[in-house]
RNA sequence: GCCGAGGUGGCGGAAUGGUAGACGCGGCGGACUUAAAAUCCGCUUCCCGCAAGGGAGUGUGGGUUCGAGUCCCUCCCUCGGCACCA
């Protein structure tokens with residue numbers, strides 16, 4: 070009696086042996102082509118759950134497949150270890166963020182090892198360790214010296230009751246403080262920015278990237294490029310030195326329809342352009358706007374608000390005086406923070422005009438327009454009317470003519486604006502990489518010299534439940550000397566956005582131990598760019614976008630030689646549980662440890678792959694996991710018990726070879742397309758077939774052994790432990806994971822016989838097994854001679870007979 | 001509102017424009033067992049029929065085609081992203 074399949078035993082055994090033999094240690098010098106297969110590293114939340122397995126097990130299976138195909142594969146793992154939850158744990162449970170994080174890493178590392186992946190643990194990267202964040206700070210300095218980092222005032226979420234800054238995730242519901250439920254407002258703070266907008270145009274170029282279309286679209290929308298014109302409206306207001314206000318518009322052809330002018334309430338000219346009699350009203354409105362929560366301000370369907378300043382600008386095209394209003398629907402951060410309002414052709418402007426009884430003038434006639442007042446704003450193209458010398462032109466011609474005219478007069482020009490804003494990297498938090506800047510009373514802003522890095526996080530900071538950054542009150546940290554003049558100075562107490570850490574970790578994996586630089590240049594040259602990056606689509610416009618920017622900037626600084634980090638991107642779907650994405654913060658995680666303990670890692674790996682297409686994700690349901698487990702047990706029995714050849718049948722052997730090679734072909738194709746679910750069902754079908762052959766014993770023992778070897782090899786990426794054990798048990802040399810991927814024989818995958826489908830008027834009426842070499846004439850003749858078909862013809866006229874080679878005959882009756 | 005993905009048995013899902021429902025779960029029946037679990041075998045889209053067979057069927061309604069789950073148009077629903085961007 071052969072022993073039963075005990076997954077835990079064999080999994081433990083092989084994991085230890087693989088580790089002891091370093092069989093997954095990445096070769097530095099290899100003649101094999103490189104393949105960098107990267108999975109987004111996890112945040113150190115504490116537990117690896119089914120959601121992580123869903124991301125990582127299929128990725129590992131694919132990396133293993135590439136490895137067997139002969140690539141030198143780098144498939145590393147690490148931890149995204151800075152972030153707010155660590156700090157919250159410190160406040161609520163009195164554990165230092167460092168201890169909390171390292172404890173979590175220890176657990177997650179154990180869990181990751183239990184998965185049996187090919188991670189080379191010598192390359193592990195942990196972003197919260199000084200050996201790593203030193204280089205995050207180093208990159209900050211590089212960006213600073215390249216003129217890509219600057220300081221400016223920017224609003225933060227502010228809780229007036231707690232007197233503290235809130236991260237977006239601490240603003241809950243309709244804009245309330247997570248801690249005290251007070252309405253959250255905005256407060257301006259000096260913060261650090263990266264000039265990502267300088268790369269807007271480059272970031273729009275996805276032409277060399279093999280990425281999902283929807284991610285490219287999301288990024289394109291995020292950049293939000295608009296072409297149009299900047300138009301100067303003249304200003305003659307006593308006591309105001311500015312002689313013009315510029316606006317951006319995508320529709321310069323509607324400039325004759327301007328009936329009022331809008332500024333954002335935050336616009337710097339507002340108070341100076343307000344006349345005496347409107348002062349009180351305007352001030353009140355501006356204060357009211359500031360008190361609005363973000364949620365209220367952007368709420369859809371909200372009634373328009375605004376006030377008149379009492380002053381006017383002049384339309385450069387028709388010389389008209391246009392009243393200046395302010396309204397909070399004008400965004401201070403887009404375009405110039407000022408808008409020429411054309412109510413006839415813009416829905417929002419029309420709403421505003423109706424509310425405040427401002428005139429509406431149609432200047433673009435929709436097709437078939439007869440001069441009546443438009444009931445809704447018309448944003449399409451048409452014929453220009455009420456537009457002076459431009460009347461009669463099409464709006465497209467008018468667009469060009471008005472731009473030409475503005476440029477001639479010097480009161481405007483064609484231009485492009487982007488929705489994209491600069492990257493705010495400051496966080497008013499402790500658990501992040503400190504921004505390496507010192508403020509000196511004498512020298513001003515002074516970057517910390519490279520030789521003084523890292524700026525270490527103080528370990529003695531106090532964590533008070535205020536939510537204010539502990540660094541601010543840590544005197545040993547704040548007080549320092551100026552690197553330039555040695556006088557007294559203060560350190561910047563903000564830390565960096567964790568997206569900084571994740572913008573370059575994939576470089577560090579190539580040379581994680583380097584102490585003299587963030588990475589070894591030649592190693593990066595050897596491995597990068599990443600050939601395949603897999604992870605969740607939730608990072609479409611944050612992480613993936615920042616990382617692209619980062620690399621483009623490094624390229625321009627001469628630090629790397631490529632300008633796109635991730636050649637190919639694949640997004641797996643999301644695992645939903647109880648109606649929500651599975652995550653620790655949502656409190657709906659399904660632990661993987663129990664499944665690993667009871668059914669084995671190979672079963673869990675297999676099940677997460679079997680659920681459905683990887684890109685679709687889906688609701689977690691463990692009902693089917695026993696199916697995979699049972700199958701692995703059957704495979705065990707199939708391979709480990711002896712085969713006896715009985716009556717060898719040449720026809721059966723031909724079929725056996727055919728199905729073996731067809732399976733190799735299909736499993737290979739499925740893996741290449743990330744169709745792990747159909748890869749497994751293909752292997753199941755094959756193993757079911759093998760069981761039947763085993764019963765009948767119709768193939769020779771040598772043929773059987775060969776097919777079993779192929780089968781185990783095909784199983785190896787998905788169920789690495791079981792495959793290793795079976796490989797060993799069938800007398801093959803260690804290790805299966807160093808074997809080449811099986812090749813199929815094209816000739817053998819071809820069908821000898823096919824089932825010919827016979828239809829009458831497109832409906833299935835008969836099937837017949839025929840040699841695949843059957844000719845057109847033979848097939849049609851055969852179909853017409855079938856009794857079932859004759860019964861349908863029954864004297865009716867034959868309109869036509871269609872034969873689709875090797876598939877179907879359709880008899881069409883008149 | 002805009003952009004994207006999706007809608008197929010009781011469930012997860014499978015189907016180069018050519019046999020709809022592979023594979024698995026669950027269910028039903030049987031074998032083994034004193035019994036149960038495990039395992040193995042058979043059946044399992046719905047309706048009519050003892051059967052042979054026939055009819056219906058891939059969110060809705062239309063279209064293209066000899067033939068549509070698959071292609072085109074309309075609408076409905078679910079999920080993800082963006083959302084007063086001038």
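Residue numbers (our numbering): 70 to 883.
The beta carbon of each residue, even a glycine, is placed where N, CA and C say it ideally should be.
Local Cβ density within 10 Å of residue i, reported as buried at 16 or more and exposed below that
{"i": "residue 206", "result": "buried"}
{"i": "residue 869", "result": "exposed"}
{"i": "residue 453", "result": "buried"}
{"i": "residue 428", "result": "exposed"}
{"i": "residue 843", "result": "buried"}
{"i": "residue 846", "result": "exposed"}
{"i": "residue 857", "result": "exposed"}
{"i": "residue 156", "result": "buried"}
Where residue i falls: helix, strand or coil (DSSP)
{"i": "residue 233", "result": "strand"}
{"i": "residue 355", "result": "helix"}
{"i": "residue 721", "result": "helix"}
{"i": "residue 830", "result": "coil"}
{"i": "residue 690", "result": "coil"}
{"i": "residue 112", "result": "strand"}
{"i": "residue 447", "result": "coil"}
{"i": "residue 868", "result": "strand"}
{"i": "residue 751", "result": "helix"}
{"i": "residue 472", "result": "helix"}
{"i": "residue 375", "result": "coil"}
{"i": "residue 814", "result": "coil"}
{"i": "residue 260", "result": "strand"}
{"i": "residue 463", "result": "strand"}
Cα-Cα separation between residue i and residue j, rounded to whole angstroms
{"i": "residue 405", "j": "residue 485", "result": "12 Å"}
{"i": "residue 211", "j": "residue 616", "result": "15 Å"}
{"i": "residue 785", "j": "residue 595", "result": "28 Å"}
{"i": "residue 395", "j": "residue 339", "result": "8 Å"}
{"i": "residue 456", "j": "residue 326", "result": "8 Å"}
{"i": "residue 468", "j": "residue 420", "result": "24 Å"}
{"i": "residue 306", "j": "residue 225", "result": "33 Å"}
{"i": "residue 74", "j": "residue 657", "result": "32 Å"}
{"i": "residue 233", "j": "residue 351", "result": "28 Å"}
{"i": "residue 127", "j": "residue 642", "result": "12 Å"}
{"i": "residue 742", "j": "residue 464", "result": "48 Å"}
{"i": "residue 584", "j": "residue 200", "result": "8 Å"}
{"i": "residue 403", "j": "residue 380", "result": "23 Å"}
{"i": "residue 804", "j": "residue 783", "result": "14 Å"}
{"i": "residue 746", "j": "residue 133", "result": "17 Å"}
{"i": "residue 124", "j": "residue 240", "result": "28 Å"}
{"i": "residue 621", "j": "residue 342", "result": "42 Å"}
Contact set for residue i: own chain, Cβ-Cβ below 6 Å, skip 5 residues either direction
{"i": "residue 861", "result": "829"}
{"i": "residue 335", "result": "401"}
{"i": "residue 818", "result": "730, 731 and 734"}
{"i": "residue 727", "result": "817"}
{"i": "residue 754", "result": "none"}
{"i": "residue 267", "result": "none"}
{"i": "residue 79", "result": "790 and 794"}
{"i": "residue 670", "result": "80, 183, 184 and 185"}
{"i": "residue 285", "result": "275"}
Cutoff 7 Å; reference residue i; Cβ partners in own chain excluding five residues on either side
{"i": "residue 374", "result": "396 and 397"}
{"i": "residue 697", "result": "672, 675, 676 and 679"}
{"i": "residue 512", "result": "551, 553 and 554"}
{"i": "residue 70", "result": "Confidence is the limiting factor: at residue 70 the pLDDT is only 46, short of 50, which leaves the residue's position unreliable and the question unanswerable from this model."}
Inter-residue CB distance, residue i and residue j (contact presumed, cutoff 8 Å)
{"i": "residue 262", "j": "residue 573", "result": "Their Cβ separation, rounded to whole angstroms, is 18 Å, which puts residue 262 and residue 573 out of contact at 8 Å."}
{"i": "residue 55", "j": "residue 789", "result": "Given that the chain is displayed from residue 70 to residue 883, the structure contains no residue 55 and the question cannot be resolved."}
{"i": "residue 269", "j": "residue 489", "result": "5 Å"}
{"i": "residue 799", "j": "residue 766", "result": "The pair is not a contact, with the Cβ atoms about 18 Å apart (cut-off 8 Å)."}
Contacts around residue i, its chain only, beta-carbon distance under 8 Å, and the 5 residues preceding and following it disregarded
{"i": "residue 515", "result": "506, 507, 508, 509, 551, 552, 553 and 558"}
{"i": "residue 139", "result": "101, 102, 809 and 810"}
{"i": "residue 447", "result": "413, 414, 431, 433 and 435"}
{"i": "residue 99", "result": "141"}
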